[in-house]
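Worksheet: one structure, shown below.
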Amino acid sequence: MSNASTLSDWTQPAAMAIPKEGYFTVEQGRYGPTYPRTPACHGFTIIAKIKPGTEAEIRAYGKRIEDTITASPHALAPLQLHYLRWVLFDIGPDKYFMYQGIFDTDFDKYTEDAIQLFKATGVDTVFEKLEGFPMDWKTNAPAFIKFVREHQCPSFLEYGEYPYVSATEIKKALALKQAFSSMLDHMQ
Amino acid sequence: MLELDDIQHFLLNRPRAQAARYGFVSFRRPEHGRAWLSGIIDRVGRAASGGPFDSRWVTVAFTWNGLRALGVDEASLATFPEEFRQGMASRAAILGDTGANHPDHWVGGLASPDLHAIVILFARDVAERERCVAEHRQYAAQFPGVEALSTLDLEATPPLDYAHDHFGYRDRMSQPEIEGMGIDPTPGSGAALKPGEFFLGYPDENGEIGPLPQPEILSRNGSFLAYRRMEEHVGAFRDFLRANGETPAEQELVAAKLMGRWRSGAPLVLAPQHDDPQLAADPQRNNNFDYAKMDPHGYAVPLGSHIRRMNPRDTTVNMNRRRIIRRGGTYGPPLPEGAAEDGIERGIAAFVGCASLIRQYEFAQNVWANDPRFHELGNERDPFVGTQDGTYDMTIPKRPIRKKITGLPAFTTVHGGAYFFLPGIRALRFLADGPCVVPRR
């Protein structure tokens, strides 16, 4: 079947309630069932318990990522991200880490590329502070991917004010606006 | 350094073969399978032999079920990658093998768990193939527990001046070279790749040595092969060209846009308006192009064309982790130009060699060939190796207005496929010797 029907009108805000499994029908990807594109694009929410005593190190990596992006603003470009949110929170006496990413790339399809980027930007070192993370991840991508999938908490609702619009399209629109503004300024 | 005396020749040497036979084998009795294998190991080509060195070249590879049928123990079998254990037919949904391509319709016993091994014979010519086939038939008669499930004969499609498929597209234009082999990649082909991208037990492009299935003697110097038997619907293809081009020149351009190269092999990036057979035949020039700088919007090579999907070059990340080595040939009689479709099956029967089926082959098939949103296209698949059912499009960027072909027909149908492990020579001996206790790493 063609997927042309999923190309929607960006002027009509849209919400999508998602079954518990995270998908409507089982569509097999290379590493398991694939998650659907929603009005809020692709994304994942990974929640995992951190190893005791590693909170400060994990927080420090926030600054490291900031520095990486300052030095190399397009370091994460291949992921086609909209937003990343990293959160540390408590459940009882334990500390948990939440990694939430909103992006246009179908993570199920480009998983290995994402892992390569994680390595390049030091994100992987945060993962190493999570309980159950495979320590042979450098040579064992399937184990890394298994961990991510096991700790993925699918949304049961996603909403988009401008649904299905990619970051590339937004950037093109802003560039066009900028170009028009500049042109109009020059015509004054 | 590659152990060339242990690696099978298949992915490293390309014999000048005009004919081939693929034999698909089932081991009904393990001891017969091992004895049969034992007797042919010395005929299997080694990479160290160089080439051309003979008039026939033999390759042997096994499915996961085949390794079990030869007596490999369950603990060892469990160390092979999951996608190989499952086999190609079980990965149909991932590979896009649906509809007419579904394994339910596959021929030759390829979707069956009884498929255990493939023997690939490349021969200088048809006469030599027939001689070898007769010789092997006589040899195999000693082992009634080794059953031939099916065979497929291949012959190069004339004219024989260069390799091409039944559609007329020149083949073998872009193949990776491997570090340590002493062959300089042609301009535009990128640096030679680390051997670990294709052979187990060597550093890969990340500088890592990936996990080795156990025991190591079985996996070291081995590779994985993805086999595809794909019919080419030459009549439908020519009808399509006629429907989408008013003149022969226009039809030729449409054919070039689907592929990204003229049928001569000349790349559209370097020859966007007219074919250039001299360019096509010059390996110093015919692969020397990129996309990001030379054709970012696809005015020469459409974003969804075959070569731009299967090798996006500098418009993707980690390209060197996705490279594959292709081998194979054409089967079935050629359909003469101007002749009506005769209903006879013809196509290509090819192998993809790699170190990781899931990272290299399956990625290419699942994402590059079949992801409708590749390069933000929206509703397109690879025109040749993507799964087509008449609902996908093909966009040809063009100034001032792009050309959009809707409802692209299926030019190909997959009639079979399988995942094989291509062991080294020591591993073949290990398999032939049968079950024994080998210390695990």
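Top line first, the protein sequences correspond to chains V and R.
The first sequence begins at 122 in this note's numbering and counts up one residue at a time.
The second sequence begins at 85 in this note's numbering and counts up one residue at a time.
For each residue, glycine too, the CB sits at the ideal point set by N, CA and C.
Residues of its chain near MET189 (chain V), where Cβ-Cβ distance is below 8 angstroms and the 5 sequence neighbours each way are ignored = Going by the sequence as given, residue 189 (chain V) is Thr instead of Met. Closer than 8 angstroms at Cβ, skipping near neighbours: ALA196, THR242 and GLY243.
message = Please list the terminal residues of the continuous alpha helix (DSSP H) segment that includes CYS216 (chain R).
response = It spans 210-224 - the alpha helix (DSSP H) in which CYS216 (chain R) sits, taken as one unbroken run.
request  = Quick one: which unbroken beta strand (DSSP E) runs of 3-plus residues sit fully inside the stretch 365-435 of chain R? Chain order, please.
outcome  = At a cut-off of 3 residues, the continuous stretches assigned as beta strand (DSSP E) that sit fully inside the stretch 365-435 of chain R are 409-415.
inquiry  = Alpha carbons only, please: which of R:HIS381, R:VAL217, R:VAL469 and R:ASN149 is nearest the one belonging to VAL451 (chain R)?
reply    = Closest option to VAL451 (chain R), Cα to Cα, is R:VAL469.
request  = With DSSP collapsed to three states, give me the class of GLU87 (chain R).
outcome  = GLU87 (chain R) sits in coil when the DSSP states are folded into three classes, being neither helix nor strand.
task = Evaluate contact between the stretch 158-165 of chain V and the stretch 86-103 of chain R, counting only Cβ atoms and requiring at least three cross-stretch pairs below 8 angstroms.
result = The stretch 158-165 of chain V makes no contact with the stretch 86-103 of chain R: fewer than 3 CB pairs, one atom from each, lie closer than 8 angstroms.
query = With DSSP run on the structure shown, which of helix, strand or coil describes LEU74 (chain R)?
reply = An answer regarding residue 74 (chain R) cannot be provided, because it is not within the stretch 85 to 525 covered by chain R.
task = Kindly say whether THR189 (chain V), judged by its beta-carbon, lies nearer than 7 angstroms to any beta-carbon of chain B.
result = In the structure shown, chain B cannot be found, because the protein chains are V and R.
task = Could you tell me how far apart the beta carbons of THR270 (chain R) and ASN395 (chain R) are, in whole angstroms, since I believe they sit closer than 8 angstroms?
result = No, THR270 (chain R) and ASN395 (chain R) are not in contact; Cβ-Cβ is about 13 angstroms, not under 8 angstroms.
message = Just verifying my parser: in three-state terms, what is the DSSP assignment at ASP257 (chain V)?
response = In the structure shown, ASP257 (chain V) sits in coil (DSSP, three-state: anything other than H, G, I, E or B).
Neighbourhood of GLY266 (chain R) by C-beta, 8 angstroms cutoff - its chain only, sequence neighbours within 5 removed = Non-local beta-carbon contacts of GLY266 (chain R) in its own chain, meaning distances under 8 angstroms to residues more than five positions away in sequence, are absent.
query = From R:PHE94, R:ASN149 and R:THR163, pick the residue whose C-alpha is nearest to that of SER133 (chain R); which is it?
reply = Across the set R:PHE94, R:ASN149 and R:THR163, the C-alpha of R:PHE94 shows the shortest separation from the C-alpha of SER133 (chain R).
message = Just to make sure I have the definition right: I need the residues of chain V whose C-beta is within less than 8 angstroms of the C-beta of VAL401 (chain R). Which are they?
response = PRO199, ASP234, GLN237 and LEU238, listed in chain order.
Simplified DSSP state of MET257 (chain R), which is helix, strand or coil = When secondary structure is reduced to three states using DSSP, MET257 (chain R) falls in the coil class, being assigned neither helix nor strand.
Which of helix, strand or coil DSSP assigns to ASP225 (chain V) = Coil, per DSSP.
query = Among the residues of its own chain, which have a CB less than 8 angstroms from the CB of ARG444 (chain R), if the five just before and after it don't count?
reply = For clarity, residue 444 (chain R) is Gln in the given sequence; the question names Arg instead. Within the same chain, GLU281, ARG405, ARG406, ARG407, ILE408, VAL436 and CYS438 come within 8 angstroms of GLN444 (chain R) by CB-CB distance, once the 5 residues on both sides are set aside.
query = How many angstroms separate the CA atom of ALA516 (chain R) from the CA atom of PRO279 (chain R)?
reply = Whole-angstrom Cα-Cα distance: 26 angstroms.
key: Proximal chain R residues relative to THR289 (chain V), where beta-carbon distance stays under 8 angstroms   = Chain R residues near THR289 (chain V): GLU460.
Secondary structure of VAL124 (chain R), DSSP reduced to three states = First, the residue type needs correcting, since residue 124 (chain R) is Ile and not Val in the sequence shown. Reduced to three states, the DSSP call for ILE124 (chain R) is helix.
key: Best match in R:ILE442, R:ARG256, R:ARG208 and R:ARG304 for proximity to LEU284 (chain R) [C-alpha to C-alpha]   = If we check each option's Cα against that of LEU284 (chain R), R:ARG304 comes out closest.
inquiry  = Tell me the DSSP secondary structure of GLU281 (chain R) in three-state form.
reply    = DSSP places GLU281 (chain R) in helix when its eight states are reduced to three.
key: Within chain R, the residues that ALA262 (chain V) reaches when beta carbons sit closer than 8 angstroms   = Ordered by position in chain R, the residues that pass the 8 angstroms Cβ test against ALA262 (chain V) are ARG443.
inquiry  = Please list the terminal residues of the continuous beta strand (DSSP E) segment that includes MET478 (chain R).
reply    = That run of the beta strand (DSSP E) goes 478-480.
inquiry  = Using CA atoms only, rank isn't needed, just tell me which of R:ASN185, R:LEU387, R:GLN449 and R:ALA494 is closest to ASP323 (chain R).
reply    = Out of R:ASN185, R:LEU387, R:GLN449 and R:ALA494, R:ALA494 has the C-alpha closest to the C-alpha of ASP323 (chain R).
inquiry  = Taking the alpha carbon of ALA49 (chain R) as the reference point, which residue from R:ILE204, R:THR496 and R:LEU492 has its own alpha carbon closest?
reply    = Here chain R has residues from 85 to 525 only, and residue 49 (chain R) is not among them.
query = Span of the alpha helix (DSSP H) holding LEU179 (chain R)?
reply = Segment 176-179, the alpha helix (DSSP H) holding LEU179 (chain R).
inquiry  = I'd like the list of long-range same chain contacts for GLU263 (chain R), defined as Cβ closer than 7 angstroms, with 5 residues on each side in sequence excluded.
reply    = Excluding sequence neighbours, GLU263 (chain R) sits near ALA276, LEU277, LYS278 and PRO279.
key: Backbone CA spacing between LYS216 (chain V) and PRO255 (chain V) [nearest angstrom]   = Approximately 19 angstroms, taken between the alpha carbons.
query = Which term fits GLY222 (chain V), buried or exposed, when burial requires 16 or more other beta carbons within 10 angstroms of its beta carbon?
reply = By the Cβ-count criterion, GLY222 (chain V) is buried, with 16 or more other Cβ atoms from all chains shown falling within 10 Å of its own Cβ.
message = Please report the distance separating the alpha-carbon of ARG313 (chain R) from that of ARG185 (chain V).
response = Approximately 50 angstroms between the Cα atoms of the pair.
key: ASN149 (chain R) versus GLU279 (chain V) - alpha carbon distance   = Rounded to the nearest whole angstrom, the CA to CA distance from ASN149 (chain R) to GLU279 (chain V) is 44 angstroms.
ask   = Is the stretch 193-213 of chain R in contact with the stretch 105-120 of chain R, if contact means three or more CB pairs nearer than 8 angstroms?
value = A contact exists between the stretch 193-213 of chain R and the stretch 105-120 of chain R.
inquiry  = Taking the beta carbon of GLY413 (chain R) as the centre, do at least 16 other beta carbons fall within 10 Å, making it buried, or is it exposed?
reply    = Label assigned to GLY413 (chain R): buried.
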